[in-house]
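Residue numbers (the numbering used here), protein chains in the order written: chain A, 4 to 272; chain B, 4 to 272; chain C, 4 to 272.
Idealized CB from N, CA, C, for every residue including glycine.
Fair warning: this is a prediction, and the values are worked out from it, not measured in the lab.
As structure tokens, the structure follows; a few thoughts come after it.
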Amino acid sequence: MITAQSVYRDLAKIREQSPLVHNITNFVVMNNTANALLAIGASPVMAHAEEEAGDMAAIASALVINIGTLSPVWIRGMEKAMAKAAERGIPVVFDPVGAGATPYRSETCSKLLSGCPVSIIRGNASEINALVFMGKPGAAKTKGVDSTISSDSVSDSAKALSSLYNCVVSLSGATDYIVKSSGQILIHNGHPLMPRVTGLGCTATALTGAFAAVNSNYMEAAAEAMAVMGIAGELAARNSKGPGSFQVNFLDALYNLSEGEIQSLLKAE
Amino acid sequence: MITAQSVYRDLAKIREQSPLVHNITNFVVMNNTANALLAIGASPVMAHAEEEAGDMAAIASALVINIGTLSPVWIRGMEKAMAKAAERGIPVVFDPVGAGATPYRSETCSKLLSGCPVSIIRGNASEINALVFMGKPGAAKTKGVDSTISSDSVSDSAKALSSLYNCVVSLSGATDYIVKSSGQILIHNGHPLMPRVTGLGCTATALTGAFAAVNSNYMEAAAEAMAVMGIAGELAARNSKGPGSFQVNFLDALYNLSEGEIQSLLKAE
Amino acid sequence: MITAQSVYRDLAKIREQSPLVHNITNFVVMNNTANALLAIGASPVMAHAEEEAGDMAAIASALVINIGTLSPVWIRGMEKAMAKAAERGIPVVFDPVGAGATPYRSETCSKLLSGCPVSIIRGNASEINALVFMGKPGAAKTKGVDSTISSDSVSDSAKALSSLYNCVVSLSGATDYIVKSSGQILIHNGHPLMPRVTGLGCTATALTGAFAAVNSNYMEAAAEAMAVMGIAGELAARNSKGPGSFQVNFLDALYNLSEGEIQSLLKAE
């Protein structure tokens, strides 16, 4: 379980240690991802070329892999970084953006996840479902990068995926399910405006990397990141007229997030 | 002609159907483009690799091609996506960003437009002019990606371009000209702050894709998108101190855009 | 030395001439960079492919090279653009993002800087230090892209780097040092929120390109750009609750920056 105290303790650690989080992520969200990591106190770096991806992972405290805008040359960089991260034992967070939408995405996920261990897979319901049912009947069709099904309907798939790759699965949605064979944590925070801003799922993945950098209990780390996302989202929505002002307020909320706010808003079980 | 009723009807369709708009666009604007599409209710996806561009176009309701940060490997993805879109008969919107600034851009436009049919070309005056006078005397020089001439001065070029590629041409500027052999629609909405925000032309192109996904009269679709851009721009400018706050307010305005606002502000002829 | 008068004179020139600034920069900051250049009145263009980088540099008034998300194919474009810029004698501003973090970044900097002359190198303390001590004892380790040391501690390195490549070095930090053999200018403007927003260093580099386009005294141009950055940052921080609202206010401040604001806030020596 996580508590307001544990969430704040790890947030404070991030602010104090400013862990270097190495991201190989997609073109759409790089700016948001970097800004969200800076806002919670981490130090983001982006480096995708195979010529340096391993060297950057060698000095990072966590690695975040996100396949949102995939191509062969980027996959090679991901492989190098993941191999180095595995060698060093730093946490690896994997975001299968749009898995199920095209064979290329599903196959790339399968290849990367089979090739190197990951600590946490963070995805929406369509993506998690696609990874479990890859090539089998029962797979829901992913519509681009947005989920077409609810997180509640695939929490069993999340457990199956957790067993398959021996990692924590962080399934985001109206309710977030953070699952492993040993149990699950549910986070009920968040706001309906969040899916109307591009890349907030990717931001969740990046923040998960920052929490995993300071808490080696990856189930807790993943749940704390989703809690911080959801709480900052609720705070941001209070003064927002739409997805434009929401984005601004969200970064401000992450930056200012206090123990009192976490205490009064956290809905974890 | 378009009316406030038709603009709102198609906006409501986008909000209801949330069409998947597949974008192969430039690095500068991907985030804005995705956010603007989400703000009006569409579902954006970005996928450029030739390994998956065709498969993504196969599930999309519209394809948006934007050459703003071009390279050979991206062109191959564009070709695959355009071929699949042509095969399926979904609308293709093409943005010749910076055409005329370098031979590479002009030649790439020529190659792509000759290789596959497009439904709508959306560009500024310099770009439209460059596509018509490609390699001939009379071509205005494009200064980077910003237009050096007014839309009024090239509305004849827009008609010529429409005939050349048998498509709607949506020429943006202080007045937007949406032209085809069968006639033209003029939109007088917009605000002088808009060219001071990067990529609002690209956003217009993306929204054109969303409207074309729900209205197969592409001339209407293109005009409705420009109307929504201009009206949201006017609303955003009311509370903006500069291009920073304008961007925020613009997304909020798109998200909240009401039939009443369209009725009171639309200036179409 | 620079004065409020000279800063404002060159800002007014940018607003009047709208110089085309050609950027080959990183994926994280392209949007911010373009928006900051538009906000001060310049005309940004991004074009990285070797097929057009030289042609774009051929029509630009300044070239900005930023290695933040490096790969071999981008380096080839940088080389083409730098060669053309050298041939034409337009200013080249170089940002060694993350130099020292990986061998690939350090070696690429060395290769590019040895291959073609640059007018101004703009970097943080870790990066400037890394370029001077490349491969030698004494090199501080760069932590990703954020500096781990203060600008004060490496102002001597900045002078050494200036001699090495015969260019102005603009070293940013709490105090900015703009140095050349012939002297130095110090800028004391800025705000602690600035390092909490991704890519403001890259924005500084881009604005340096705009000032160098209108003032061929590159030491003055570099100092004026840092002054404008710092002053806009101070103005933005007045109404900001965190890094989200800061970014919005920063663009508004750049857009509205007045001679009076520069006069009352400039701290140059």
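For this session: Output yes if chain C places a C-beta closer than 8 Å to the C-beta of A/E54; else output no.
Result: Along the first sequence, one-based indexing puts residue 54 of chain A at 51. At a cut-off of 8 Å between beta carbons, A/E54 contacts chain C.
Problem set entry | Segment contact, 8 Å Cβ cut-off, at least three pairs: the segment 168 to 186 of chain A with the segment 224 to 232 of chain A | Touching, per the Cβ criterion.
Exercise. Using the rule of at least 16 other Cβ atoms within 10 Å of the residue's Cβ for burial, across every protein chain shown, is A/G126 buried or exposed?
Worked result: On the first sequence, position 123 is the one that residue 126 of chain A refers to. Counting Cβ neighbours within 10 Å, A/G126 comes out buried, since at least 16 surround it.
For this session: Rounded to whole angstroms, what's the CA-CA distance from B/N35 to B/V24? Just pull it up for me.
Result: By one-based count along the second sequence, residue 35 of chain B stands at place 32. By one-based count along the second sequence, residue 24 of chain B stands at place 21. Take the alpha-carbon of B/N35 and the one of B/V24: they are about 14 Å apart.
Exercise. When DSSP builds the beta bridges, which residues end up paired with A/K183?
Worked result: For this step, residue 183 of chain A is matched to residue 180 along the first sequence. Answer is A/G186, bridged to A/K183.
For this session: Starting from A/I234, trace the beta strand (DSSP E) both ways and give me its first and last residue.
Result: As a working note, residue 234 of chain A is residue 231 in the first sequence. Run containing A/I234: none in the beta strand (DSSP E); it sits in the alpha helix (DSSP H), Y221 to A240.
Problem set entry | DSSP-derived helix/strand/coil call for B/S158 | One-based indexing of the second sequence puts residue 158 of chain B at position 155. Three-state DSSP puts B/S158 in a helix.
Problem set entry | Neighbourhood of A/L164 by C-beta distance below 7 Å, restricted to the same chain and skipping five residues each side | Here residue 164 of chain A is taken as the residue at index 161 of the first sequence, counted from 1. If we look at A/L164 and ignore the five residues flanking it on each side, its Cβ neighbours are I124, I131, L134, V135 and V172.
Exercise. Looking at C-beta atoms only, is the number of pairs between the segment 235 to 251 of chain C and the segment 16 to 31 of chain C that lie closer than 8 Å three or more?
Worked result: In this structure the segment 235 to 251 of chain C does not touch the segment 16 to 31 of chain C; the number of beta carbon pairs closer than 8 Å is below three.
Exercise. In whole angstroms, what is the alpha-carbon distance linking A/L257 and B/E110?
Worked result: Indexing the first sequence from 1 puts residue 257 of chain A at position 254. Indexing the second sequence from 1 puts residue 110 of chain B at position 107. Each residue's alpha carbon lies about 46 Å from the other.
Problem set entry | Residue from C/F30, C/R12, C/I5 and C/A39 whose Cα sits closest to the Cα of C/F253 | Along the third sequence, read from residue 1 onward, the residue named residue 253 of chain C stands at position 250. Minimum Cα distance to C/F253 is reached at C/A39.
Exercise. For A/I123, which of helix, strand or coil comes out of DSSP?
Worked result: Taking the first sequence and counting its residues from 1, the one referred to as residue 123 of chain A is at position 120. A/I123: strand per DSSP, three-state reduction.
For this session: Using the DSSP secondary-structure output, state which residues sit across from C/V172 in a beta bridge.
Result: Here residue 172 of chain C corresponds to residue number 169 of the third sequence, with the count starting at 1. Looking at the DSSP assignment, C/V172 forms a beta bridge with C/I124 and C/V182.
For this session: State whether the segment 79 to 91 of chain A contacts the segment 46 to 54 of chain A, with contact taken as three or more CB pairs (one from each stretch) at a distance under 8 Å.
Result: At 8 Å Cβ cutoff, the stretches touch.
Exercise. Does the ligand ADP have a heavy atom nearer than 7 Å to the CB of C/F136?
Worked result: This structure simply doesn't include the ligand ADP, nor any ligand for that matter.
Exercise. A/N26 CB to nearest chain B CB: under 8 Å?
Worked result: Taking the first sequence and counting its residues from 1, one reaches residue 26 of chain A at position 23. Not an interface residue.
Exercise. Taking 8 Å as the CB-CB limit, is C/V48 close to chain B?
Worked result: Your numbering for residue 48 of chain C matches position 45 in the third sequence. Yes - at least one Cβ of chain B is within 8 Å of the one on C/V48.
Problem set entry | Inter-residue CB distance, A/R18 and A/G44 (contact presumed, cutoff 8 Å) | Mapped onto the first sequence, residue 18 of chain A falls at position 15. Mapped onto the first sequence, residue 44 of chain A falls at position 41. Indeed, because the Cβ distance is near 4 Å, the residues count as touching under 8 Å.
For this session: Would you check if the distance between the CB atom of C/V67 and the CB atom of C/T208 is smaller than 8 Å?
Result: Here residue 67 of chain C refers to the residue found at position 64 of the third sequence. Here residue 208 of chain C refers to the residue found at position 205 of the third sequence. Cβ atoms of C/V67 and C/T208: closer than 8 Å.
For this session: Specify the secondary structure class of A/M33 as computed by DSSP and reduced to three states.
Result: In the first sequence, counting from the first residue as 1, residue 33 of chain A sits at position 30. In this structure, A/M33 counts as helix in the three-state DSSP scheme.
For this session: Taking only runs that begin and end inside the segment 46 to 120 of chain A, name each unbroken alpha helix (DSSP H) of 4 or more residues, in chain order.
Result: Counting only runs that start and end inside the segment 46 to 120 of chain A, the alpha helix (DSSP H) elements of at least 4 residues fall at 56 to 60, 75 to 91 and 106 to 118.
Problem set entry | Element boundaries [alpha helix (DSSP H), containing C/L269] | Stepping through the third sequence from its first residue, residue 269 of chain C is reached at position 266. Counted as a single uninterrupted DSSP element, the stretch harbouring C/L269 is not any alpha helix (DSSP H), since DSSP gives it neither H nor E.
Exercise. Any beta-carbon of chain B closer than 8 Å to the one on A/K114?
Worked result: Taking the first residue of the first sequence as 1, we reach residue 114 of chain A at position 111. No, because no Cβ of chain B sits closer than 8 Å to the Cβ of A/K114.
Exercise. So, does the CB of A/V200 fall closer than 8 Å to a CB anywhere in chain B?
Worked result: Position 197 of the first sequence, counting from 1, holds the residue named residue 200 of chain A. Interface residue, yes.
Exercise. Looking only at DSSP bridge pairs, what is B/K16 linked to?
Worked result: Within the second sequence, numbered from 1, the residue matching residue 16 of chain B stands at position 13. Its beta-bridge partners do not exist; DSSP assigns none.
Exercise. Where does A/L203 sit, in a helix, a strand or coil, going by DSSP?
Worked result: Locating residue 203 of chain A in the first sequence gives position 200, where the first residue counts as 1. Helix at A/L203.
Problem set entry | First through last residue of the alpha helix (DSSP H) which encompasses A/N252 | As a position in the first sequence, residue 252 of chain A is number 249, starting the count at 1. Counting along the chain, the alpha helix (DSSP H) containing A/N252 begins and ends at P246 to N259.
For this session: Run down chain C in chain order and give the residues with a C-beta less than 7 Å from the C-beta of B/D149.
Result: As a position in the second sequence, residue 149 of chain B is number 146, starting the count at 1. Near B/D149 (Cβ distances below 7 Å), the residues of chain C are S46.
Exercise. Hey, how far is the Cα of A/L174 from the Cα of C/I265?
Worked result: The residue labelled residue 174 of chain A in the question sits at position 171 within the first sequence. The residue labelled residue 265 of chain C in the question sits at position 262 within the third sequence. Between the alpha carbons of A/L174 and C/I265 lies a distance of about 50 Å.
For this session: Using a threshold of 8 Å, state whether the C-beta atoms of A/T211 and A/V96 are closer than that.
Result: For the purposes of this step, residue 211 of chain A is taken as residue 208 along the first sequence, with counting starting at 1. For the purposes of this step, residue 96 of chain A is taken as residue 93 along the first sequence, with counting starting at 1. Cβ atoms of A/T211 and A/V96: closer than 8 Å.
For this session: With DSSP as the reference, label C/L196 as helix, strand or coil.
Result: Locating residue 196 of chain C in the third sequence gives position 193, counting from the first residue. When DSSP states are grouped into helix, strand and coil, C/L196 belongs to the coil group.
Exercise. Should C/V284 be flagged as near chain B, meaning a C-beta pair shorter than 8 Å?
Worked result: Here chain C comprises residues numbered 4 to 272, so residue 284 of chain C is not present and cannot be evaluated.
Exercise. To the nearest angstrom, how far is it from the Cα of C/G245 to the Cα of A/L41?
Worked result: The residue labelled residue 245 of chain C in the question sits at position 242 within the third sequence. The residue labelled residue 41 of chain A in the question sits at position 38 within the first sequence. Computed Cα separation, rounded: 11 Å.
Exercise. Do the CB positions of A/S166 and A/A128 come within less than 8 Å of each other?
Worked result: Position 163 of the first sequence, counted from the start, is the residue given in the question as residue 166 of chain A. Position 125 of the first sequence, counted from the start, is the residue given in the question as residue 128 of chain A. In this structure, A/S166 lies away from A/A128, with their beta-carbon atoms at least 8 Å apart.
For this session: Please decide whether C/V135 counts as near chain A, where near means a Cβ-Cβ distance under 8 Å.
Result: Within the third sequence, the letter at position 132 stands for residue 135 of chain C. It does not; no Cβ of chain A falls within 8 Å.
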